[in-house]
Amino acid sequence: MAGQLTELVAQLNPHAASDALGQKLLALTVPGIPDVYQGTELWDDSLVDPDNRRPVDYAARRAALHELQHPKIRVVTTALRVRRAHPDSFLRGDYVPVLADGDAADHVVAFRRGSNGGDIVVAVTRWTVRLAESGWGNTVLPLPDGTWKDALTGAVADGPTSAAQLFADLPVVLLERHHD
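Residue 24 in my numbering is what sits at position 24 of the sequence shown, and the numbering runs on without skipping anything.
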């Protein structure tokens, strides 16, 4: 039984990580004030009840912040940096859905932030267990006019962009309008 449970956890772990990154990026970019509980900058499998919290390993977080290799701390720090760089987009800008198109469109949640077409596009994957079975197929995300750069990976995109291309490196993207 323990072996089966270990195997199930190993199978679900990439999907749980994808969900955690998506939830964190959404929490940091939807309207409102972002909130990060102390100690949850890395993977955290405790319940949110204060009685279930553990002592924070500050040394591990300091090292992860310095290296920016851990995907969750990279999402947190990058999203907060983007918010600081584009305060009007997040404080007073529009919040408009960007609807994916194609066979796996339901596996994308996306929106733009800002005025006049927006300066920021956020997109995350969802239902990745089913997505792993069927793939992205012909799914595209129609980006607003202009060139966009992913603040998380440095990838550049414009126009309708393949979901497979957008999510090639991470299950989340945080696009900033690229000005030459």
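From the three backbone atoms N, C-alpha and C, an ideal C-beta is built for every residue, glycine too.
Here the structure is a predicted model, which is why all the values come from computation and not from measurement.
To the nearest angstrom, report how far apart G32 and A10 are at their CA atoms. Straight across, the Cα-Cα distance linking G32 with A10 is about 35 Å.
In the DSSP assignment, the alpha helix (DSSP H) including I33 goes from what residue to what residue? Per DSSP, I33 belongs to no alpha helix (DSSP H) and is neither H nor E.
Sort out for me which residues DSSP pairs Y58 with in a bridge. According to DSSP, Y58 bridges with nothing at all.
Using only alpha-carbon positions, find the residue among A85, T128 and L80 that is nearest to F167. T128
Hey, could you find the ends of the alpha helix (DSSP H) V75 is sitting in? It spans P71 to A85 - the alpha helix (DSSP H) in which V75 sits, taken as one unbroken run.
Run of the alpha helix (DSSP H) containing L131, from where it starts to where it stops: T128 to S134
Roughly how many angstroms separate the alpha carbons of V82 and A151, rounded to a whole number? 8 Å
Would you mind reading off the limits of the alpha helix (DSSP H) that contains L166? A163 to L166
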